[in-house]
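Encoded as structure tokens, the structure appears first; notes follow it.
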């Protein structure tokens, strides 16, 4: 039961929001109206981007300025009711695209989220991390000789490279490789090698000073019953002084606060971006 005292402490902002500009279900204005109805103080839009790549479900590079103009228009329209921020969730695909300021300078962003949705192999092939379990397992079979450990180690190496090399504010869904591990178990999260990867990644994230999102998106979509990163991973990060921000990774107007009541009471979060 959420008491009134607790309710006053709930997070009232979400900076990881997708709309019809990429793979979201609703237009930005519908999301803003939902945020206002929920008593939000701020809403940030973070369209998937991988400029100059054209990838299904991501913002078309030719539409970047239109996207930015749309969010800025709504920012002005609702300025007296809610703070609206313009951002992107920028993919890191080595050799193709990265979450770097210069690449998205024309959009004049308020913030950037850095993310990995594809593990890039030595031959340049891309193994999808969060599309369908079948696609991930086919990629592991084809490019990692069937070794889930090799695939996950490659994911975290790529993640650490992104965090240490590029300037952005928020690191998205740190352990996205967990997405299928409840409904379609394929590795042991208590294995020593996996803990080693988490420790190394926590060190790199802490050294970077970046904010880590506690992302409830897999809860809203029915894949997991915990957020990214997992509680053990959050504990490692917290011990190193990493800052957290609560994030819904919303793809619909009604999920912008998914499980916020639960996680607002469990953690200390930045309620607003610095």
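In our numbering, the protein residues as written are 6 to 279.
In this text, a Cβ means the ideal position worked out from N, Cα and C, and glycines have one as well.
Contact between residue 40 and residue 175 is ruled out by a C-beta separation of about 18 Å, above the 8 Å threshold. Straight through space, the alpha carbons of residue 194 and residue 225 are spaced by roughly 22 Å.
The beta carbon of residue 138 lies closer than 7 Å to those of 185, 189 in the same chain, with the five residues before and after it left out.
Per the coordinates, the alpha-carbon of residue 199 lies some 45 Å from the alpha-carbon of residue 78. For the set 130, 159, 85, 240, the Cα lying nearest the Cα of residue 202 is the one of 159. If you look at residue 117, you'll find it in the beta strand (DSSP E) that goes 116–120. DSSP places residue 126 in the coil class of the three-state scheme, outside both helix and strand. The C-beta separation of residue 257 from residue 29 comes to about 7 Å, placing the pair in contact by the 8 Å criterion.
Its chain contains 104, 117, 119 as the residues whose beta carbon lies nearer than 6 Å to that of residue 173, once the 5 sequence neighbours on both sides are disregarded; these appear in chain order.
For residue 244, the three-state secondary structure derived from DSSP is helix. The C-beta distance from residue 254 to residue 222 rounds to 3 Å, short enough to meet the 8 Å contact threshold. Taken through DSSP and simplified to helix, strand or coil, residue 95 comes out as strand. Look at residue 154 here: in three-state DSSP terms it is helix.
Looking at 83, 244, 76, 107, the one whose alpha-carbon comes closest to that of residue 57 is 107.
In the structure shown, the three-state DSSP call for residue 22 is strand. Shown here for residue 34: same chain residues with a beta carbon closer than 7 Å to its own, the five before and five after excluded, namely 79 in chain order. Residues of the same chain with a CB within less than 8 Å of the CB of residue 230, apart from the 5 flanking positions on each side, are 187, 224 in chain order. The beta carbon of residue 205 lies closer than 6 Å to none in the same chain, with the five residues before and after it left out. Annotation for residue 241: 203, 204, 207 place their beta carbon closer than 8 Å to its own, counting only its chain and skipping 5 residues before and after. As computed with DSSP, residue 53 is found in a beta bridge with 94. With respect to the C-alpha of residue 50, the residue from 114, 233, 82, 42 having the closest C-alpha is 114. Here residue 209 is not near residue 179, since their CB atoms are 8 Å or more apart.
For residue 25, the CB contacts under 7 Å within the same chain, skipping 5 residues up- and downstream, are 31, 32 in chain order.
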